[in-house]
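In my numbering, the protein residues as written are 66 to 358.
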């Protein structure tokens with residue numbers, strides 16, 4: 066696997082962390098893909114996908130959203146979707162390239178709204194998220210995120226909690242990967258690698274209702290190539306979600322990854338990335354640069 070270069074973006078007094086994955090010099094450049102994780106995750110959930118994209122000629126940028134991973138924590142009132150969109154607009158504006166936006170869950174919502182309002186991308190990939198979702202699945206995610214506020218005594222205890230939430234997903238042989246998703250506090254307990262104040266936004270019923278309306282309106286304004294990759298076992302994106310998306314975005318296509326749920330990229334990363342690369346391969350190539358153009 067190639068090694069990324071750490072990057073830092075400054076926005077509204079916050080430092081936002083990312084990893085920049087460069088394509089090998091021998092490959093023909095395909096463009097830039099910006100990968101946005103879901104609520105409670107970090108940029109490291111994309112590391113295998115980003116490395117494979119780089120091997121196929123893509124520059125990949127994986128980002129920690131504000132309040133996640135190595136990015137700074139914000140004031141509680143600064144975790145709205147508008148703040149996330151503003152961060153993305155700022156970062157993509159510094160790229161010198163029109164990227165493909167790949168967003169999982171909350172990252173997908175951010176990408177959808179950002180492009181609809183600011184025309185940022187040449188293509189859009191939504192990972193198990195759509196303008197219309199199953200509210201029962203969303204409630205289950207919130208329930209999982211609000212549990213264990215006092216942390217875990219050990220990484221094995223954290224792994225057991227994840228297995229209980231995703232029983233279909235094989236438990237990893239080691240807990241080493243969890244070290245990127247949890248922080249060990251001075252008392253020795255392990256806590257999720259995100260700001261608990263995020264829950265104030267994602268549990269606000271009125272804000273979520275307004276967000277659903279905004280996503281629906283945003284979908285009607287999407288005209289770029291779009292792919293929805295969902296997990297076959299997802300309790301977030303169901304068949305009604307797919308039909309609604311395809312009706313609102315005529316340029317959209319869908320792909321389903323078997324034996325996976327909402328955490329598609331983590332549940333079956335190779336199959337997920339295959340779908341993503343197949344979609345990217347169908348995009349029109351970047352215009353060739355001509356001196357004086």
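Glycine included, C-beta positions come from ideal geometry on N, C-alpha and C. On a predicted model such as this, the values are computed, not experimentally measured, just so you know.
- At a Cβ-Cβ threshold of 8 Å, residue 230 and residue 155 do not count as neighbours.
- Residue ranges of uninterrupted beta strand (DSSP E) with 3 or more members, entirely inside the region 135-209 and ordered along the chain, are 165-169, 188-192.
- In terms of Cα proximity to residue 163, the closest of 300, 188, 244 is 188.
- In the three-state reduction of the DSSP assignment, residue 237 falls in the coil class.
- Listed as beta-bridge partners of residue 72 by DSSP are 83.
- Within the same chain, and ignoring the five residues on either side of residue 282 in sequence, the residues whose Cβ sits closer than 8 Å to its Cβ are 181.
- In this structure the region 303-323 touches the region 189-208; the number of beta carbon pairs closer than 8 Å is three or more.
- Between the region 242-253 and the region 340-351 there are fewer than three inter-stretch CB-CB distances shorter than 8 Å, so the stretches are not counted as touching.
- Rounded to the nearest angstrom, the Cβ distance from residue 102 to residue 172 is 5 Å, consistent with a contact under 8 Å.
- If the five residues before and after residue 157 are omitted, its C-beta is found closer than 7 Å to the C-beta atoms of 99, 164, 185, all from its own chain and listed in chain order.
- Counting only runs of 3 or more residues that sit fully inside the region 250-326, the beta strand (DSSP E) segments are 255-257, 291-296, 317-322, in chain order.
- Assigned with DSSP and collapsed to three states, residue 107 falls in coil, not helix or strand.
- Between residue 330 and residue 169, the C-beta spacing is below 8 Å.
- About 6 Å separates the beta carbon of residue 67 from that of residue 119, a gap short enough to meet the 8 Å contact definition.
- In this structure, DSSP gives residue 95 a state outside helix and strand, which the three-state scheme calls coil.
- By the CB criterion at 8 Å, residue 134 and residue 176 fall outside the cutoff.
- Counting C-beta pairs closer than 8 Å gives three or more between the region 312-330 and the region 293-304, which meets the contact rule.
- Within 10 angstroms of the beta-carbon of residue 105 lie 16 or more other beta-carbons, which makes it buried.
- Assigned with DSSP and collapsed to three states, residue 102 falls in coil, not helix or strand.
- By the Cβ-count criterion, residue 93 is exposed, with fewer than 16 other Cβ atoms from all chains shown falling within 10 Å of its own Cβ.
- Taking C-beta separations shorter than 6 Å and ignoring five residues to either side along the sequence, the partners of residue 243 in its chain run 220, 223, following chain order.
- Look at residue 347 here: in three-state DSSP terms it is coil, with no helix or strand label.
- Under the three-state reduction of DSSP, residue 340 is assigned to helix.
- A straight-line Cα-Cα distance of about 7 Å links residue 76 and residue 152.
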